[in-house]
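Colleague: A single structure is presented below for examination.
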Amino acid sequence: MSVLNIVKMGHPILRKKADEVSFKDFSNIKKLVSDMKETLEFIGASGLAAPQVLVNKRIVVYRVNNNRIPKNAGFSEVPWTVMINPVIKPLSIAKESYWERCLSIPGLHGKVPRYSNILVEYYDLNKKLIKHEAKSTWAALIQHECDHLDGVLYPMRMKDFTKFGFNDTPGDISEELKSNKNSIDPLFIDLVNQWPQKNN
Ligand code: ZN
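Take a look at the structure:
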């Protein structure tokens with residue numbers, strides 16, 4: 004296993020539509036998937052799409068640890084999940100905005116409108132078709148990662164650029180924390196807690 008190099012915004016592969024994985028190739032992507040997991044473990048991050056590690060295929064690896072779930076999100080820890088050729092269907096047209104970061108856009112965060120209830124269908128490594136619903140920040144994470152398979156990065160989804168900032172200057176999140184603490188991913192609450200100017 005190895006920790007993979009993640010390419011940053013500006014690299015052309017991040018703007019491409021990735022190719023479907025054919026059934027005959029499922030056995031050839033096992034090493035890639037275990038390297039993607041190891042990379043996420045190493046960084047302490049939640050999700051990664053294959054184009055971010057220079058593989059132009061429709062593969063996403065993610066997990067949601069307990070310490071990344073907002074208080075009122077209404078879902079529990081999600082174990083390591085490998086999604087091959089994922090397809091998302093919104094379960095309602097309602098969107099909510101969620102704070103996001105991206106390993107390909109280091110140092111920044113933004114608030115991104117996402118469907119808050121989705122159905123996702125994908126194949127696992129054993130070629131089994133999996134279908135499940137997801138909500139809240141879990142649904143947002145899946146939409147973020149699947150966007151990478153279509154060449155879309157989160158700033159391209161943003162509507163309000165006053166909610167785009169540097170992680171070491173989280174004034175925009177700090178404002179929201181005053182009224183909305185229970186629906187924010189704790190990772191972003193930590194950014195505010197570490198910010199020396201939080202009370203100014
Ligand atoms: Zn990303």
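If you use the working numbering, the sequence shown corresponds to residues 4 to 203, in order. Built from N, CA and C at the ideal position, the CB exists for glycine as well. Just so you know, these numbers come straight off a predicted model, no measurement behind them.
1. Helix, strand or coil, according to DSSP, for S25 in the structure here?
2. What are the boundary residues of the alpha helix (DSSP H) that M39 is part of?
3. Taking the CB atoms as reference points, tell me whether N185 and K98 lie closer together than 8 angstroms.
4. Thinking just about the alpha-carbon of each residue, which of G113, M12 and L106 is nearest to the one in G168?
5. Do V64 and C149 count as a contact pair if the criterion is CB distance below 8 angstroms?
6. State the DSSP-derived secondary structure class of H1, mapped to helix, strand or coil.
7. Can D151 be considered in contact with the ligand ZN, in the sense that its beta carbon sits closer than 7 angstroms to one or more heavy atoms?
8. If you measure between the beta carbons of K11 and P109, is that distance less than 8 angstroms?
9. Across the stretch 52-59 and the stretch 23-41, are there enough close Cβ pairs to call them in contact, namely three or more that are closer than 8 angstroms?
10. For Y101, which residues does DSSP report across the bridge?
11. Within this structure, are the beta carbons of W141 and F78 separated by less than 8 angstroms?
Modeller: According to the data block:
1. coil
2. K33 to I46
3. no
4. G113
5. no
6. Shown here, the chain extends from 4 to 203; a query on residue 1 therefore has no answer.
7. The displayed chain sequence assigns His, not Asp, to residue 151. Answer for H151: yes, Cβ within range of the ligand ZN.
8. yes
9. yes
10. V115
11. yes
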